[in-house]
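Residue numbers (my numbering), protein chains in the order written: chain A, 765 to 963; chain B, 765 to 963.
Take a look at the structure set out below.
Structure follows, in structure tokens:
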């Protein structure tokens, strides 16, 4: 079974999307060329436009349109707190929680020497420039709790320490509403070692 | 939390894809604009190209490039058997099973009067023209086993009967390798009523 060349090419292009396998890609391609031709045209146009217009925020590296993202452009934010995240999706997740009023810095990855990703690729010089600016008093490390995320957090905490800026790590433990019974051992171990004295 | 306009537009366009919700659309958009810029360009191009080049096979309505699909263009197929399916994905599934050597006819849907989908929308005139051609001796009805699929199969079997062409319906029952224990009641009822005498 071989598809027509233009169709096969579209299926291949759709497969590069995260979470899309061969079956879903085929389903998407048929949908786009069958009932969804208007949507297909809109998708092609918005892709081309986004590639032209969307770039990184000059200050925090978040994907945005124009010089600064809406957080960096706002004068309503607490400039003393800087939250470092690995990806734009993490930025969005924290922002949507409504629990943080400071600014962000998006690494766009984590330290991973084997993949050739060092401080330069993560824009650490830009981060150091912000820290040297003197406004930030707390660096909140919200990288993932993976080996690479922890290593990155450790590296960044040393950068802060050298500048006598306080650094903190977001808490890891049992999720709110989660039942202990279903939480994995690693998370439970972390919840126990990170226990807080109540009285 | 509001995204930059071009980014929001891209996320909306991605949400029109089947099986893609708001979270996946955001994840895809970030991926396309972050690490996947080359893939994004390729996707935009292949979409535009596919919209231009891919149309329906003049004979069987399958999505293809050029006049005829590879099945209708081949002279290796059994022209006496015509298999009617609802969608291009069904065409692909049967073709990949390697168990059918005849030709296809793709309805691109099923009869659904409430949605305004009647014989005209399903290209039934084209199907009748093929049946009137005199080559086909068996019309295999491989529409889905939904209410609409069954109604469509019934309608098509009457078309065949009027022309004294044999029509058949694909078998429904317990999937191969499936365990009775986990098969739903409707399928079991169908498997029993469709039982075949062995000896």
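Virtual Cβ for every residue (Gly too), placed ideally from N, Cα, C.
* Simplified DSSP state of residue 866/A, which is helix, strand or coil -> strand
* Determine the closest residue to residue 781/B out of 769/A, 770/A, 806/A and 768/A, with distance taken between C-alpha atoms. => 806/A
* Give, in chain order, every residue of the segment 906-933 of chain B whose Cβ lies closer than 9 Å to some Cβ of chain A. => none
* Compute the beta-carbon to beta-carbon distance between residue 851/B and residue 774/A, rounded to the nearest angstrom, for a pair I have assumed lies under 8 Å. => That pair is no contact at about 17 Å.
* To do: Closer than 8 Å by C-beta to residue 843/B: which residues in its own chain qualify, once you throw out the five before and the five after it? Chain order, please.
  => 866, 867, 899 and 900
* **Contact belief for residue 905/A with residue 886/A at Cβ below 8 Å, rounded distance in angstroms** => Residue 905/A to residue 886/A, Cβ: 13 Å. No contact.
* **Residue-level contact to chain A via CB, residue 806/B, 8 Å cutoff** => yes
* Is the segment 869-888 of chain A touching the segment 932-945 of chain A in the sense that three or more CB pairs, one from each, lie closer than 8 Å? -> Segments in contact, no.
* Under 8 Å by beta carbon: chain C residues contacting residue 954/B -> Although the question refers to chain C, the structure presented lacks it and instead comprises the protein chains A and B.
* **Member of 914/B, 816/B, 768/B and 869/B whose CA lies at the smallest distance from the CA of residue 770/A** => Here the closest residue by C-alpha is 816/B.
* Bridge-paired residues (DSSP) for residue 828/B -> DSSP lists 819/B as the beta-bridge partner residues of residue 828/B.
* Shorter than 8 Å from the beta carbon of residue 790/B to some beta carbon of chain A? -> yes
* **Which residues DSSP lists as bridging residue 842/B, in chain order** => 866/B
* Asked: Name the residues in the segment 791-802 of chain B whose C-beta lies less than 8 Å from a C-beta of chain A; which are they?
  -> If the cut-off is 8 Å between Cβ atoms, the segment 791-802 of chain B has 791, 792, 793, 794, 795, 796, 797, 798, 800 and 801 near chain A.
* Could you check the C-alpha separation between residue 931/A and residue 951/A for me, to the nearest Å? => 22 Å
* Test: residue 834/B CB closer than 8 Å to a CB of chain A -> yes
* Identity of the residues DSSP links to residue 963/A by a beta bridge -> For residue 963/A, which the question treats as bridged, DSSP gives no partner whatsoever.
* **Straight-line gap, residue 796/A to residue 788/B (C-alpha atoms, nearest Å)** => 17 Å
* Is there a Cβ from chain B that is less than 8 Å from the Cβ of residue 938/A? -> no
* Could you tell me the distance, in whole angstroms, from the CA atom of residue 776/A to the CA atom of residue 828/B? => Between residue 776/A and residue 828/B, the C-alpha separation is close to 16 Å.
* Asked: Taking the Cβ atom as the reference point for each residue, do residue 869/B and residue 825/B lie within a distance shorter than 8 Å?
  -> yes
* Asked: So is residue 831/A in contact with chain B if we call contact Cβ pairs under 8 Å?
  -> No, residue 831/A lies away from the interface with chain B (no Cβ there is under 8 Å from its Cβ).
* To do: Say whether chain A places a C-beta atom closer than 8 Å to the C-beta of residue 871/B.
  => no
* Pick from 936/A, 804/A and 874/A: whose alpha carbon is nearest that of residue 957/A? -> 936/A
* Measuring CA to CA, which of 928/A, 798/A and 879/A is closest to residue 897/A? -> 928/A
* Rounded separation between residue 903/B and residue 802/A - CA only -> 34 Å
* Asked: In whole angstroms, what separates the C-alpha of residue 812/B from that of residue 821/B?
  -> 19 Å
* May I ask you to report which of helix, strand or coil DSSP gives residue 847/B? => Here DSSP, grouped into helix, strand and coil, assigns residue 847/B to strand.
* Asked: Rounded to whole angstroms, how far is the Cβ of residue 912/B from the Cβ of residue 875/B, which I believe are closer than 8 Å?
  -> 6 Å
* To do: Below 8 Å between beta carbons is the criterion; list the residues of the segment 835-858 of chain B that meet it against any residue of chain A, in chain order.
  => 851, 852, 853 and 856
* To do: State yes or no: is the C-beta of residue 794/A within less than 8 Å of the C-beta of residue 814/B?
  => Cβ atoms of residue 794/A and residue 814/B: not closer than 8 Å.
* To do: Give the C-beta separation of residue 778/A and residue 792/A to the nearest angstrom, bearing in mind that I take them to be a contact with Cβ-Cβ under 8 Å.
  => 5 Å
* Which first and last residues belong to the beta strand (DSSP E) in which residue 927/A is found? -> Neither: residue 927/A is in no beta strand (DSSP E) and is coded neither H nor E.
* **Assumed close pair residue 849/A, residue 855/A - CB separation to whole angstroms, cut-off 8 Å** => 5 Å
* **Closest Cα partner of residue 888/A within the set 879/A, 871/A, 877/A and 880/A** => Comparing Cα positions, the closest option is 871/A.
* **Min CB distance residue 759/A to chain B below 8 Å** => Since the displayed chain A opens at 765 and closes at 963, residue 759/A lies outside it and no answer follows.
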